[in-house]
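Below: the structure, in structure tokens.
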Amino acid sequence: MNKKTKILIVDDHPLMRDGLEGVLKSELNFEISAKAKDGEQAYGLLKEQAFDITTLDIEMPKISGLEIARKIKEENIDTKIVFLTMYKDEDMFNEAMDAGACGYVLKENAVEDIIDCIKSVAKGEYYISPGISQYLVKRQNDLKNLGQENHSINNLTKTERVVLRLVSQEKTTKEIAEKLFISSKTVENHRSNISKKLNLHGTHSLVKFAINNKALL
805 MNKKTKILIV DDHPLMRDGL EGVLKSELNF EISAKAKDGE QAYGLLKEQA FDITTLDIEM
865 PKISGLEIAR KIKEENIDTK IVFLTMYKDE DMFNEAMDAG ACGYVLKENA VEDIIDCIKS
925 VAKGEYYISP GISQYLVKRQ NDLKNLGQEN HSINNLTKTE RVVLRLVSQE KTTKEIAEKL
985 FISSKTVENH RSNISKKLNL HGTHSLVKFA INNKALL
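Structural data, given as structure tokens:
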């Protein structure tokens, strides 16, 4: 007997939650383990229970879907993220992917796409609504080019990459120090070494580089 895919549905609209549950329950290998009405409730459930896949809306009360996704990534919570959203723009798509999304489904195509999306993501694949699939192709090409242009990123130590990732999240030196349990002076030393290795100059160049290259970190 195949193991069922445990799913957490998160959306602030009751009709969307119930409608999505109805569609997914038609698949015998899917199990709707829980539903949440906002980001705060979802985060609590994710800390308490194990879900194979979590569906998130981007905009939600209390904690947004993007913030939840970032928490999942930062805290190594073992679940795969599918965004179910009305946002079609490329910037939002890239932000969702940077946050760790494996699936991105437009709400207008949810009934047609969501089952295929969950099946693909459960197998370790990515799934993007066909109507915006060109965003994924462009993103992959951009990342390939960035990787070729920025070989020096590979010269960073593990700690330096962690610091750079936190810089990309616009954390201050003090916040990075507190998170990594090191002194602010040590963080400043790391920032200086990273800038030298990446040939970055100027007060804000490191922050700008980190934000622009989030996906590589």
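Here my numbering is used: the sequence shown runs in plain steps of one and ends on residue 1021. The beta carbon of each residue, even a glycine, is placed where N, CA and C say it ideally should be. The model shown is predicted, which means the values in this text are computed figures rather than measured ones.
- A direct Cα-Cα distance of roughly 46 Å separates R821 from E992.
- Judged by DSSP in its simplified three-state form, K884 adopts strand.
- Where S996 is concerned, the enclosing alpha helix (DSSP H) starts and stops at S988 to K1001.
- Per DSSP, the continuous beta strand (DSSP E) segment holding K839 begins and ends at F834 to A840.
- In summary, M890 is exposed, with fewer than 16 beta-carbon neighbours lying within 10 Å of its beta-carbon over all protein chains present.
- If you draw a straight line from the Cα of G907 to the Cα of C921, it is about 6 Å long.
- Between K1000 and L1010, the alpha-carbon positions lie close to 10 Å from each other.
- Taking a contact to require three or more Cβ pairs closer than 8 Å, the segment 937-946 and the segment 894-914 qualify as touching.
- Only exposed fits K962, as fewer than 16 other CB atoms lie within 10 angstroms of its CB.
- Every unbroken stretch of the alpha helix (DSSP H) spanning 4 or more residues and falling wholly within the segment 884-932 is given here in chain order: 894-902 and 914-926.
- Remark: C-beta atoms of I862 and G869 approach each other more closely than 8 Å.
- Excluding the 5 residues flanking it on each side, E979 has same chain C-beta neighbours closer than 8 Å at L970, in chain order.
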